[in-house]
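Trainee: Sharing a structure, written as structure tokens. Questions coming.
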Amino acid sequence: MNKSELVETLSIKNNLTYKKSEQIVNLIFDAMSQALIDNDRIEIRGFGSFMVKEYKAYMGRNPKTGEIIQVNEKKLPFFKVGKELRERVDS
16 MNKSELVETL
26 SIKNNLTYKK
36 SEQIVNLIFD
46 AMSQALIDND
56 RIEIRGFGSF
66 MVKEYKAYMG
76 RNPKTGEIIQ
86 VNEKKLPFFK
96 VGKELRERVD
106 S
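The sequence shown begins at 16 in my numbering and counts up one residue at a time.
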């Protein structure tokens, strides 16, 4: 499912206009994005949690040339699936 399919499903199941559903989905995604930018953790019970993982700088290797390069530290979003969702998918 992609974003437009999510908007369409929300619109149909809740008898909303497509535009209103799109605003709701954008509001949720914007709030979640801002929380991660602020280094907050997002937990949705029964679904999972989103957090930002920080990785330290390290020496890496360019796979094409084999040259050793410096890889800078970085922050990446990480999703951990919740127990309930894991069990529903597995059954």
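Quick reminder that beta carbons are idealized off the backbone N, C-alpha and C, glycines included.
List the residues that DSSP assigns as beta-bridge partners of residue 59.
Mentor: As a working note, residue 59 is residue 44 in the sequence shown. 63.
Trainee: Just the C-alpha distance for residue 89 and residue 73, rounded to the nearest angstrom, thanks.
Mentor: Translated into positions along the sequence shown, residue 89 becomes position 74. Translated into positions along the sequence shown, residue 73 becomes position 58. So the two alpha carbons sit approximately 10 Å from each other.
Trainee: Rounding to the nearest angstrom, what Cα-Cα distance links residue 85 and residue 52 in this structure?
Mentor: For the purposes of this step, residue 85 is taken as the residue at position 70 of the sequence shown. For the purposes of this step, residue 52 is taken as the residue at position 37 of the sequence shown. Residue 85 and residue 52: Cα-Cα distance of roughly 25 Å.
Trainee: In angstroms, rounded to a whole number, what distance separates the CA positions of residue 34 and residue 68?
Mentor: Here residue 34 is taken as the residue at index 19 of the sequence shown, counted from 1. Here residue 68 is taken as the residue at index 53 of the sequence shown, counted from 1. Roughly 34 Å between the two C-alpha positions.
Trainee: Note the first and the last residue of the continuous alpha helix (DSSP H) segment covering residue 47.
Mentor: Sequence index remark: in the sequence shown, residue 47 carries index 32 (1-based). It spans 33 to 52 - the alpha helix (DSSP H) in which residue 47 sits, taken as one unbroken run.
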